[in-house]
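Peer 1: Per full-length UniProt numbering, the sequence shown starts with residue 1, numbered consecutively.
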Amino acid sequence: MHYPNEKWFPLTENDDVPEGLLDARLRAFYDPENELTGSQLIDLQSGNEARGICGLPFTRQSDNQTVYIPMNIIGNLYVSNGMSAGNTRNEARVQGLSEVFERYVKNRIIAESISLPEIPAEVMARYPAVMESIATLEAEGFPIFAYDGSLGGKYPVICVVLFNPANGTCFASFGAHPDFGVALERTVTELLQGRGLKDLDVFTPPTFDDEEVAEHTNLETHFIDSSGLISWDLFKQDADYPFTDWSFSGTTEEEFATLMAIFAAEDKEVYIADYEHLGVYACRIIVPGMSDIYPAEDLWLANNNMGSHLRETLLSLPGSAWNKEDYLNLIEQLDEEGFDDFTRVRELLGSGDRSGQWLVYTARRRN
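1. Taking 8 angstroms as the CB-CB limit, is Y68 close to chain B?
2. Got a sec? Which residues, its chain only, sit under 7 angstroms from M260 by beta carbon, not counting five neighbours each side?
3. Within this structure, are the beta carbons of L137 and L116 separated by less than 8 angstroms?
4. So, is I134 buried or exposed, given that buried needs 16 or more other C-beta atoms within 10 angstroms?
5. For Q40, count neighbouring Cβ atoms within 10 angstroms of its own Cβ and tell me buried if that reaches 16, exposed if not.
6. Between the Cα of V157 and those of G55, L26, A125, V188, spot the shortest distance and give me the residue it belongs to.
7. Could you compute how far the alpha carbon of E212 sits from the alpha carbon of N218?
8. Indicate the three-state DSSP secondary structure (helix, strand or coil) for Y241 in the structure shown.
9. Return the CA-CA distance between E118 and T207, expressed in angstroms with no decimal places.
10. Classify K236: buried if its beta carbon has 16 or more other beta carbons within 10 angstroms, exposed otherwise.
11. List the DSSP bridge partners of E118.
12. Using the Cβ count rule (16 or more neighbours within 10 Å means buried), how would you classify Q95?
13. What is the DSSP secondary structure of T136, reduced to helix, strand or coil?
14. Quick one: give me the first and last residue of the alpha helix (DSSP H) that F223 is part of.
15. Are L26 and V79 close, meaning C-beta to C-beta below 8 angstroms?
16. Can you name, in chain order, every residue of its own chain whose Cβ lies under 6 angstroms from the Cβ of G181, other than the five neighbours on each side?
17. Which residue comes first and which comes last in the alpha helix (DSSP H) that contains Q333?
18. Does DSSP classify A273 as helix, strand or coil?
19. Got a sec, what are the start and stop residues for the beta strand (DSSP E) G86 sits in?
20. Since I believe Y30 is in contact with L299 (beta carbons under 8 angstroms), could you give me their beta-carbon distance rounded to a whole number of angstroms?
21. Straight-line CA distance for G141 to D240?
22. Which term fits K324, buried or exposed, when burial requires 16 or more other beta carbons within 10 angstroms of its beta carbon?
23. Looking at M1 and the ligand NAD, is the gap between the Cβ and the nearest heavy atom below 7 angstroms?
24. How close, in whole Å, do the beta carbons of I114 and H222 come, if the pair is a contact with beta carbons under 8 angstroms?
25. Going by Cα to Cα distance, which pick from I144, F174, P178, A166 is closest to K154?
26. P70 to Y294, Cα distance in whole Å?
27. Expressed to the nearest angstrom, what Euclidean distance is found between the alpha-carbon atoms of N48 and D267?
28. Looking at the unbroken beta strand (DSSP E) that takes in A172, where does it start and where does it end?
29. For I224 and A214, what's the separation of their Cα atoms in angstroms?
30. Please return the same chain residues whose Cβ sits closer than 6 angstroms to the Cβ of E185, not counting the five positions on each side in sequence.
31. How would you call Y327, buried or exposed, if buried means at least 16 neighbouring beta carbons within 10 angstroms?
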C-alpha cells in the first residue's frame, strides 16, 4: 500500500492497539492515557478494517531496533516533515535532521517571541553569492535582515526576514544545515521559493499580540506557506541570545553524528526509515516532541480517517436517487460527527482531486 516492507497488524476484538506497533516511549507520547484504539490507527488511503493497521518500519537510533509506526500517525502528525533525499544515505539523513531542527526552532522562535541577534556584517561578507542575492532584493525595495537562529550556538539554524515597505508586512524565512554558509544560502533562497516579487503582498505586518502569535493555528500557517503572524519582539535591539559564529560542518558522516548528539543531549529519540528504491537515497525521520507538525491529540480530535466510513456513501451521491429526507439525514450525521464545514469532500474521503469535479466541494457547499 505504501512501501514493500510495510507490515499489517489485524484489529483485536477489544480494539486495543495491537502488540508489535510502537514502542513503550512512543505509546507514552501518543497515548499517555491509554485511550487510543486500533480503529483510530487505520490509515486514510486504505480504509481497510479487514486488513487492519499499516505499520512502516523505522530504526530506533539509540539501539538500532526496528519499530513499526502506523502510517495513520505519520500522516496525521508529521505529514512531509523529516522527509529528504540525497546522493548518499548520510547526506539524505543530514538533510532530514536539518529540516527537523529548522521547523522545531522556527516554531520556538515564533511561539516564544524570541529576539534574535543579527549576523554581523563581517560574517555576512564571507558569503559573496548570498550578499549578491540580498543586494538584488534590496535594490527592488525590500530590506533584508539576517539573524542567527542557533539560540546560542545550540542549533544549526539561520533566520532571514524580508520587509515590504509598501504595506508594512514581513516574511521570516528559516533554514538549517551543519554548515553556516549552506544554511544561510538556503534561508535566502527560501525567501522567493515558489513565489515571485509580485507575490510578496500576501504576508502580514508584525504584531504585538504575542498570544495570537503563539496559537497553534498560526504555527500551522507558517508550516504551510509562512504567511502567519510574527511578533515585533523578534526585532528587538537587545537580543535574547548572543550571536554565535557556529559551525557543525564536517563529512556527512560526521555531520550526522553531530546532529544526532544534539538530539541525544535533549533526550529525544530519533526514528529513521531509510529507502533506496530505484537507486535513490531517501529517508523519513521522526523525532517525537520535535518533528511533530500537529499535536498528538489530533489522533482523537482531527484524525484524517474520521470520514472513511462515509466513503462509499458519498462517492455514490453524484448518481444516487436519494430523496430530500435522505440528504437531510446525511447532513445531520455530518453535524453530529463534528466535521468541519470547510473540509473538502476529497480530503474527507482521502480521494485524489481529479476523481470528480464535485469532490472539490466542501461539506457545506450549496448550489
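We put the beta carbon where it would ideally sit given N, CA and C, even for glycine.
Peer 2: On the basis of the data shown:
1. Here there is only one protein chain, and chain B is not present.
2. What you label residue 260 is simply residue 260 of the sequence shown in a count that begins at 1. Around M260: Q61, V270.
3. As a working note, residue 137 is residue 137 in the sequence shown. As a working note, residue 116 is residue 116 in the sequence shown. Against a cut-off of 8 angstroms, the Cβ pair of L116 and L137 comes out as no contact.
4. Along the sequence shown, one-based indexing puts residue 134 at 134. Result: buried.
5. As a working note, residue 40 is residue 40 in the sequence shown. It counts as buried.
6. Sequence index remark: in the sequence shown, residue 157 carries index 157 (1-based). Considering only alpha carbons, the answer is V188.
7. Residue numbering aside, residue 212 sits at position 212 when the sequence shown is read from its first letter. Residue numbering aside, residue 218 sits at position 218 when the sequence shown is read from its first letter. Rounded to the nearest angstrom, the two C-alpha atoms are 7 angstroms apart.
8. Counted from its first residue, the sequence shown places residue 241 at position 241. Y241: coil per DSSP, three-state reduction.
9. Here residue 118 refers to the residue found at position 118 of the sequence shown. Here residue 207 refers to the residue found at position 207 of the sequence shown. The alpha-carbon atoms of E118 and T207 are separated by roughly 20 angstroms.
10. Here the question's residue 236 lines up with position 236 in the sequence shown. K236 should be labelled exposed.
11. Numbered from 1 along the sequence shown, position 118 holds the residue referred to as residue 118. DSSP output for E118 lists Y147 as bridge partner(s).
12. Taking the first residue of the sequence shown as 1, we reach residue 95 at position 95. Label assigned to Q95: buried.
13. On the sequence shown, position 136 is the one that residue 136 refers to. Here T136 sits in helix by DSSP.
14. Working through the sequence shown from its first residue, we reach residue 223 at position 223. Run containing F223: 216-225, per the alpha helix (DSSP H) assignment.
15. For the purposes of this step, residue 26 is taken as residue 26 along the sequence shown, with counting starting at 1. For the purposes of this step, residue 79 is taken as residue 79 along the sequence shown, with counting starting at 1. Against a cut-off of 8 angstroms, the Cβ pair of V79 and L26 comes out as no contact.
16. Within the sequence shown, numbered from 1, the residue matching residue 181 stands at position 181. Within the same chain, G181 has close Cβ partners Y127.
17. For the purposes of this step, residue 333 is identified with residue 333 of the sequence shown, where counting begins at 1. Per DSSP, Q333 belongs to the alpha helix (DSSP H) from 324-336.
18. Within the sequence shown, residue 273 is the residue found at index 273, counting from 1. It is a strand residue.
19. Here residue 86 corresponds to residue number 86 of the sequence shown, with the count starting at 1. Counting along the chain, the beta strand (DSSP E) containing G86 begins and ends at 83-86.
20. Residue numbering aside, residue 299 sits at position 299 when the sequence shown is read from its first letter. Residue numbering aside, residue 30 sits at position 30 when the sequence shown is read from its first letter. With 8 angstroms as the limit, L299 and Y30 qualify as a contact, their Cβ atoms being about 7 angstroms apart.
21. Position 141 of the sequence shown holds residue 141. Position 240 of the sequence shown holds residue 240. Each residue's alpha carbon lies about 29 angstroms from the other.
22. Reading the sequence shown from its first residue, position 324 is the one you call residue 324. Label assigned to K324: exposed.
23. The model on display carries no ligand, and the ligand NAD is accordingly not part of it.
24. Numbered from 1 along the sequence shown, position 114 holds the residue referred to as residue 114. Numbered from 1 along the sequence shown, position 222 holds the residue referred to as residue 222. Not confirmed; about 14 angstroms, so no contact.
25. The residue labelled residue 154 in the question sits at position 154 within the sequence shown. The option with the nearest alpha carbon to K154 is P178.
26. Taking the sequence shown and counting its residues from 1, one reaches residue 70 at position 70. Taking the sequence shown and counting its residues from 1, one reaches residue 294 at position 294. Using only the alpha carbons, I get a separation of about 16 angstroms.
27. Numbered from 1 along the sequence shown, position 48 holds the residue referred to as residue 48. Numbered from 1 along the sequence shown, position 267 holds the residue referred to as residue 267. Their Cα atoms are separated by approximately 36 angstroms.
28. By 1-based counting over the sequence shown, the position of residue 172 is 172. Element bounds for A172: 169-176.
29. Here residue 224 is taken as the residue at index 224 of the sequence shown, counted from 1. Here residue 214 is taken as the residue at index 214 of the sequence shown, counted from 1. Using only the alpha carbons, I get a separation of about 16 angstroms.
30. For the purposes of this step, residue 185 is taken as residue 185 along the sequence shown, with counting starting at 1. Excluding residues within five positions, the ones whose Cβ falls inside 6 angstroms are V130.
31. For the purposes of this step, residue 327 is taken as residue 327 along the sequence shown, with counting starting at 1. Y327 should be labelled exposed.
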